[in-house]
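A.B. asks: Got a structure here, written out as structure tokens. Questions coming.
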Amino acid sequence: MHYNSGVSKSITWAIVYTFIVMASLVAEAPRLADMSIEELMEISVTSVAKKETSLIESAAAITVITAEDIHQIGAQSIPEALRIVPGINVARINSSNWAISARGFQDQFADKLLVLMDGRTVYTPFFAGVFWAYQDVALEDLDRIEVIRGPGATLWGANAMNGVINIISKSAKDTQGSILTTSMSTLEDYQATGRYGGHINDHLFYRVYIKHRENGSLEIAQGNAPDDWRKAQTGFRLDWHPTGDKAFTFQGDIYIAEQGGQLSEPNIATPPFNNTLTTLDYNSYGGNLLGRFKYQISATDSLTLQSYYNREYLDLNQFEQTIDTFDIDTTYRLQVSESNAVVTGIGYRLISDQFANSPLLELDPTQRTSHLFSMFLQDEMTFFQDKWKLSLGSKFEHNEHTGFEIQPSAQAIWQVTAKQALWGSISRAVHTPARVERDSRLNRSASDTPLSPSLVSIVGSSNVDSETLTAYQVGYRNRFNTHLSLELSAFYNHYYDLQTTRQGAPFVENQNGITRLLIPQYRENTDAGHVMGVEASLNWSSSNNLHWACTYSWLEMKVGSPGTNDASPQHQLNLRNHWQVTDQFAVDNVCYYVDQISNAASGLNVPAYIRWDLGVTWKATDSLQLSLWAQNLLDDQHPEYTSTLSANEYEIPRSITLSTRWKF
Amino acid sequence: MSNSHTSAPLNCLHKPLSVLGLALWILLPTNLNATAKEYQIKAAFIYNFTKFVKWPEPDFTTSNAPIVIGYITNNPFGPELENTLRGRTLHSRPFVCRHIENAYEAKQVHVLFISLDNPHYNQALLQQLGSAPVLTIAEDEGFVKSGGMIEFFLEKGKVRFNLNMPAAKRAGLSINARLQALARKPN
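Residue numbers (the numbering used here), protein chains in the order written: chain P, 5 to 668; chain Y, 145 to 331.
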């Protein structure tokens, strides 16, 4: 009894006190408004507010692609927009696939990158990579894409190893009215999007959209391999702000897609035992539903609660996957004192999958449910009149396979002057084994050897452990004046326990009445090495209507596994220029240089290429805008990548795209 | 004795709860000092500015059409502004706050507050606004120089502002001389 009353007493006091404090916070603002300007000018600012978007304050290499940027580079999809970010490697594999990675390890199945759409993780738990074709939004509703190079694991957890891509859509409040956009190109790419945004009252806003795209086939050097694809997607978003400090968001999307492609599959059932290149159509659908509540407790404190459900289904010839993800997490930011803020959060994720095996890919077990628990805590301290800021924190994660994973980081930034800042960070991040790495057998190639058929297979194992990274970064920012700004970053990434394959002793196996020699290649964590690089970006406005941007990245990979080192371009350069000729006319020039790469699996070299895109935008009326883009002007066609799964390389040809935007 | 059941779990809860209570006691007072008064003060300034500005007549459709205040920022300015203006009117016109995303929307407001720390964006926006009757306010150094109307700055921890009269005149806004007197001349 005694304890009982003690407990309730402290709770009661805490609650009462909280209310008093909150009430005084709320009361303050109106009181100030009753003062005259003369009186207001006498009030001292007790705490200078932080601008959230102020990049100069973050101790990380961040690039923000705005909706305006996307328009000014003529990008028709999210992967194409990522080309302008230094340190991000983008290569189009074919019409519907891209190999995208941050700071090296470029591969179709690149697995060290975290991609989020409005807070929802979109890399597939199957191989921890991203099916870029399915990650689409109505581009008009896209607010920005934030790209963080380097680990973001302390906040986001496993897989946020080499970078985090945050795709953020606008609030429904900011997408009111109707928009109809279309685009068509000489590549036989067609897109149409319709969006309607309305409101029920001053606090409740919504939008619905529908989008359809059809992309034509790209060409390959030999033969014919249709890789055209089409996708229909629809979705909604609801934003409710019952009061100025509370915001609810509900959103959801569903899509259905059909893609053409090529697959090199082994014949393992009947002779001849060989690999055949199959041309196939594959089908997929997916959907998600997300709810978020954000409570801005005060100007500095906030609480966010978010939950979502996601389903992805893919039917690749005989191989089928259905993955359901349920996630719930919460984040709380508390300004403890003027110079100290704590950000903390907990999360839980449930992944349930179901596979149907094919001759190429077998999973055992075919069904698995896994639970992921996580928690993070970060402390942000400022010193010397906010000139120094230090953040210390860690993510603590538990998965059933590798157990506890701790991913700490330390970041410091020194605001040298009002215009320039120096930052540095050390962080640890992990890539936890994906489903394919643990439980799969990938039958790479079958052949008829004189004595018996043989099969080379990459075999996953429950012994596969997490890959680990220790990353060291430094950076420098300078906003010389209103016309010129510079951003530099350099990193040294040391990787431990990288996955590689080791050829094991061949053995005879008997499966479905066929005896064959299996040459196993076991997945194991025996590789290590380092990657280093430098990224630079420069923005310059030579006059009010002429803007220039230049980014450059240099990368050097020294990891043990053969082929990986040369699969990412060493040099990348992007130069763009936006010229607002009149209020109605704008001209954009975008140039890309991407260094050569070679693919270990196919043994093919992809030569360096220069791509030049030229676009003209005409704002015909207040509601109608037309853009005409000529892309890849300098050559007829060039490859950007060779796929690990098909022998042929697709080439990206010169193209012309006309797009319209009608707002009404 | 029916309590013996419940007191055991409460017993183990006592410690963490009193720690929590203590933590709230300790944390909250400091928290009070840390509130970002800067934006509360600036919101109050903006409310006051509207009293000194006359917009061209056709800008209001009816005599009680609202005064629309737009803000382009991702910092917590929005809630502060809405708190400050809630329930207030000016010459029987209510206030409406709106988060603005682009130049098209920016042209539809009476007052526009920009806090993005991106001078390129500010310039591009000002240019697209042209001579639309929008009172533009920002807190970036050089905003007034590049054609903005009001620029907040801090001086010895107090909020001050610059005023660009020619820019206001070009946009068809007339600004009361009293406000001019309070402003620091653009240098």
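The C-beta atom is built at its ideal place from N, Cα and C for all residues, glycine as well.
Residue 42 of chain P to residue 259 of chain Y, Cα distance in whole Å?
C.D. replies: Approximately 23 Å, taken between the alpha carbons.
A.B. asks: Kindly indicate the opening and closing residues of the alpha helix (DSSP H) around residue 227 of chain Y.
C.D. replies: Its alpha helix (DSSP H) spans residues 221 to 229.
A.B. asks: Cβ closer than 8 Å: which chain Y residues qualify as neighbours of residue 37 of chain P?
C.D. replies: The answer, in chain order, is 187, 188, 191, 192, 228, 229 and 232.
A.B. asks: Which partner residues does residue 533 of chain P have in the DSSP bridge list?
C.D. replies: According to DSSP, which records beta bridges pairwise, residue 533 of chain P is partnered with P/499 and P/563.
A.B. asks: Using 10 angstroms around the beta-carbon of residue 564 of chain P, count the other beta-carbons present and answer buried if the total reaches 16, otherwise exposed.
C.D. replies: Per the 10 Å Cβ criterion, exposed.
A.B. asks: Just how far apart, CA to CA, sit residue 3 of chain P and residue 353 of chain P?
C.D. replies: Given a span of 5 to 668 for chain P in the structure shown, any question on residue 3 of chain P remains unanswerable.
A.B. asks: Rounded to whole angstroms, what is the Cα-Cα separation between residue 28 of chain P and residue 300 of chain Y?
C.D. replies: A caution first: residue 28 of chain P carries a pLDDT of 45, below 50, which makes its placement in the model too unreliable to give a value.
A.B. asks: Under 8 Å between the Cβ atoms of residue 82 of chain P and residue 94 of chain P?
C.D. replies: Contact: no.
A.B. asks: Chain P partners of residue 238 of chain Y, CB-CB under 9 Å?
C.D. replies: Per Cβ cutoff of 9 Å: no residues; residue 238 of chain Y is ~11 Å from chain P at best.
A.B. asks: Is the Cβ of residue 207 of chain P closer than 8 Å to any Cβ of chain Y?
C.D. replies: Taking Cβ atoms only, chain Y never reaches closer than 8 Å to residue 207 of chain P, which makes this a no.
A.B. asks: Identify whether residue 654 of chain P lies in helix, strand or coil by the three-state DSSP scheme.
C.D. replies: In this structure, residue 654 of chain P counts as strand in the three-state DSSP scheme.
A.B. asks: Figure out for me which residue from P/84, P/553 and P/247 has the closest Cα to the Cα of residue 226 of chain Y.
C.D. replies: Checking every option, the nearest Cα to that of residue 226 of chain Y belongs to P/247.
A.B. asks: So, does the stretch 343 to 352 of chain P touch the stretch 381 to 388 of chain P, judging by three or more C-beta pairs under 8 Å?
C.D. replies: Flag = yes, the stretch 343 to 352 of chain P and the stretch 381 to 388 of chain P touch.
A.B. asks: Does chain P have any CB closer than 8 Å to the CB of residue 304 of chain Y?
C.D. replies: Taking Cβ atoms only, chain P reaches closer than 8 Å to residue 304 of chain Y, which makes this a yes.
A.B. asks: How is the beta strand (DSSP E) around residue 373 of chain P delimited, first residue to last?
C.D. replies: Residues 371 to 387.
A.B. asks: With which residues is residue 66 of chain P paired in a DSSP beta bridge?
C.D. replies: Bridge partners of residue 66 of chain P: P/152.
A.B. asks: Any chance the stretch 99 to 118 of chain P sits against the stretch 268 to 286 of chain P, with 3 or more Cβ pairs inside 8 Å?
C.D. replies: Verdict: no, contact absent.
A.B. asks: Apart from the five residues on each side of it in sequence, which residues of its chain come closer than 7 Å, Cβ to Cβ, to residue 97 of chain P?
C.D. replies: Contacts found: 103, 112, 645, 647 and 654.
A.B. asks: Whose C-beta lies closer than 6 Å to the C-beta of residue 427 of chain P among residues of the same chain, with five residues either side of it excluded?
C.D. replies: Excluding sequence neighbours, residue 427 of chain P sits near 63, 417 and 479.
A.B. asks: What in chain Y is Cβ-close to residue 248 of chain P, meaning under 9 Å?
C.D. replies: What residue 248 of chain P touches in chain Y: 222, 223, 224, 225, 226, 227, 230 and 241.
A.B. asks: Does residue 146 of chain Y get closer than 8 Å to chain P when you measure Cβ to Cβ?
C.D. replies: Only weak support exists for where residue 146 of chain Y lies, its pLDDT of 38 falling under 50; the coordinates are left without a value.
A.B. asks: Going by the beta-carbon positions, is the gap between residue 270 of chain Y and residue 286 of chain Y smaller than 8 Å?
C.D. replies: The answer is no: Cβ separation not under 8 Å.
A.B. asks: I want to know whether the stretch 128 to 145 of chain P touches the stretch 402 to 422 of chain P - three or more CB-CB distances under 8 Å.
C.D. replies: No, the stretch 128 to 145 of chain P is not in contact with the stretch 402 to 422 of chain P.
A.B. asks: When the Cβ atoms of the stretch 303 to 310 of chain P are set against those of the stretch 333 to 341 of chain P, are three or more pairs found closer than 8 Å?
C.D. replies: These segments touch.
A.B. asks: State yes or no: is the beta carbon of residue 267 of chain Y nearer than 8 Å to at least one beta carbon in chain P?
C.D. replies: Answer yes: the Cβ-Cβ gap between residue 267 of chain Y and chain P drops below 8 Å somewhere.
A.B. asks: Examine chain Y for any beta-carbon lying closer than 8 Å to the beta-carbon of residue 173 of chain P, and answer yes or no.
C.D. replies: Not one chain Y Cβ lies under 8 Å of residue 173 of chain P.
A.B. asks: If we count the other Cβ atoms within 10 Å of its Cβ and call it buried at 16 or more, is residue 450 of chain P buried or exposed?
C.D. replies: So residue 450 of chain P counts as buried.
A.B. asks: Does residue 271 of chain Y get closer than 8 Å to chain P when you measure Cβ to Cβ?
C.D. replies: Yes - at least one Cβ of chain P is within 8 Å of the one on residue 271 of chain Y.
A.B. asks: Quick check: the Cα distance between residue 193 of chain Y and residue 624 of chain P, rounded to an integer number of angstroms?
C.D. replies: Cα to Cα, the separation comes out at about 36 Å.
A.B. asks: Tell me, please, which residues DSSP counts as bridged to residue 434 of chain P.
C.D. replies: Bridge partners of residue 434 of chain P: P/472.
A.B. asks: Kindly list the residues whose CB is nearer than 6 Å to the CB of residue 488 of chain P, restricted to its own chain and excluding five residues on each side of it in sequence; keep chain order.
C.D. replies: Excluding residues within five positions, the ones whose Cβ falls inside 6 Å are 544.
A.B. asks: What are the residues in the stretch 548 to 563 of chain P lying within 9 Å of chain Y by C-beta distance?
C.D. replies: The stretch 548 to 563 of chain P vs chain Y, Cβ under 9 Å: 548, 549 and 551.
A.B. asks: Less than 7 Å between C-beta atoms, sequence neighbours within five positions excluded: which residues of the same chain meet that for residue 513 of chain P?
C.D. replies: Result list for residue 513 of chain P: 520 and 522, in chain order.
A.B. asks: Since I believe residue 242 of chain Y is in contact with residue 275 of chain Y (beta carbons under 8 Å), could you give me their beta-carbon distance rounded to a whole number of angstroms?
C.D. replies: With a Cβ gap of about 21 Å, residue 275 of chain Y and residue 242 of chain Y do not count as contacting.
A.B. asks: Can you have a look at residue 403 of chain P and say buried or exposed, based on whether 16 or more other CB atoms are within 10 angstroms of its CB?
C.D. replies: That one is buried.
A.B. asks: At a CB-CB cut-off below 7 Å, which residues of chain P make contact with residue 264 of chain Y?
C.D. replies: Ordered by position in chain P, the residues that pass the 7 Å Cβ test against residue 264 of chain Y are 543, 545 and 551.
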